[in-house]
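S.K.: When you line the sequence shown up against our numbering, it's residues -11 to 218, in that order.
We put the CB at the ideal spot given by N, CA and C, even for glycine.
Bear in mind that the values here come from a model prediction, so they are computed numbers and not experimental data.
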Amino acid sequence: MSVTGLESVGSSVTSTSSSESNILGKDDFLNLLVTQLRHQDPLSPMESAEFTSQLAQFSSLEQMSNVNTNLELLQLYQASINNSQAVGFIGKTIKAVGNSIGVADGVADQIHFDLDKDASAVIAHIYDSHKNLVKTIQPGGLNAGVQSVEWDATNNDGNKVPDGTYTFEVIATDTDQKPVSVTTLITASVSGVSFKDGTTYLLAGNQEIPIGSVFEVMEKVKSENEKQTD
């Protein structure tokens, strides 16, 4: 009697298990093993070593199913924790990885960045929405860590720039004229939270900031009116 090997059949079960439940996959495997035992050739029964090997395959399949289930539960638990933490950002000011800077009523936001090490020379370039160079600022040498540079909302000709959103880049070098790693940062006040495609975003104005890009969290500074109402 010719009996199809469990290994070849098992591979087809494995390929279809992704569209079925894990329990069904394990049951199929066990049913195939029992069926093979029932229809094996009496003159050439299954070797004990082969039978033990196939039992080990079943045990491995069951363990893999349990591991996958536990991983899915862990991912859901982690997502729940992240979502709960994200809500705590509402009403706070954050620094996050980014390179946008706003100008409103003729006043520009500060330029924030993080230097990997001390820099002997730092240059900040500011661009408009068409990627045209608007302003170059040279604050000189700065120490390692988070730094802030003021922009007076003027261009290189000294004229006030229109309100809007601009972008910036920062170039830094050390005393040997070698590049210093720079991470540009943005500052924003979080007004809400959104969840898209498994990613949590913090809402700040018209920006959606991935929660993973948050660099620093600061308590919102209260105005004098807010202090009086407390």
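I want to know whether the stretch 90 to 104 touches the stretch 164 to 173 - three or more CB-CB distances under 8 Å.
M.R.: In short, these stretches touch, since the Cβ pair count reaches three.
S.K.: Is the number of C-beta pairs between the stretch 108 to 120 and the stretch 152 to 160 that are closer than 8 Å three or more?
M.R.: Yes, the stretch 108 to 120 is in contact with the stretch 152 to 160.
S.K.: For the beta strand (DSSP E) that residue 184 lies in, which residues bound it at each end?
M.R.: 180 to 184 is the span of the beta strand (DSSP E), which, as asked, contains residue 184.
S.K.: If I'm right that residue 203 touches residue 83 with Cβ under 8 Å, what's the distance once you round it to whole angstroms?
M.R.: At roughly 5 Å, the Cβ-Cβ gap stays under 8 Å, so residue 203 and residue 83 are in contact.
S.K.: Determine, using beta carbons only, whether residue 96 and residue 159 come nearer to each other than 9 Å.
M.R.: It is not a contact, given that the beta carbons lie outside the stated cut-off.
S.K.: Under three-state DSSP, which class holds residue 155?
M.R.: Strand.
S.K.: On the DSSP letters alone, give me the boundaries of the beta strand (DSSP E) that residue 118 sits inside.
M.R.: Segment: none, residue 118 is in no beta strand (DSSP E) and carries neither H nor E.
S.K.: Establish whether the CB of residue 142 and some CB of chain B are separated by less than 9 Å.
M.R.: Annotation note: the requested chain B is absent from the structure, which comprises a single protein chain.
S.K.: Entirely within the stretch 122 to 175 and at least 3 residues each: give me those beta strand (DSSP E) ranges in chain order.
M.R.: With a minimum length of 3 residues, the continuous beta strand (DSSP E) runs that stay inside the stretch 122 to 175 are 133 to 137, 152 to 161.
S.K.: Among the residues of its own chain, which have a CB less than 8 Å from the CB of residue 143, if the five just before and after it don't count?
M.R.: Closer than 8 Å at the Cβ level, and outside the excluded window around residue 143, lie 122, 123, 149.
S.K.: According to DSSP, which residues form a beta bridge with residue 220?
M.R.: Because the chain here runs from -11 to 218, residue 220 falls outside it and cannot be looked at.
S.K.: Between the beta-carbon of residue 132 and the beta-carbon of residue 92, is there less than 9 Å?
M.R.: Not a contact, by the Cβ cut-off of 9 Å.
S.K.: Residue 135 to residue 98, Cα distance in whole Å?
M.R.: Rounded to whole angstroms, residue 135 to residue 98 spans 10 Å at the Cα level.
S.K.: By how many angstroms is the C-alpha of residue 87 removed from the C-alpha of residue 185?
M.R.: Taking the straight line joining both Cα atoms gives about 24 Å.
S.K.: According to DSSP, residue 102 sits in a beta bridge with which residue or residues?
M.R.: Looking at the DSSP assignment, residue 102 forms a beta bridge with 134, 171.
S.K.: Buried or exposed: residue -7, going by 16 or more other Cβ atoms within 10 Å of its Cβ?
M.R.: Only weak support exists for where residue -7 lies, its pLDDT of 43 falling under 50; the value from the coordinates is given anyway. Exposed.
S.K.: From which residue to which residue does the beta strand (DSSP E) around residue 90 run?
M.R.: First-last of the beta strand (DSSP E) with residue 90: 88 to 92.
S.K.: Closest by CA to residue 206, which one among 79, 73, 74?
M.R.: Closest option to residue 206, Cα to Cα, is 79.
S.K.: To the nearest angstrom, how far is it from the Cα of residue 182 to the Cα of residue 147?
M.R.: Approximately 39 Å, taken between the alpha carbons.
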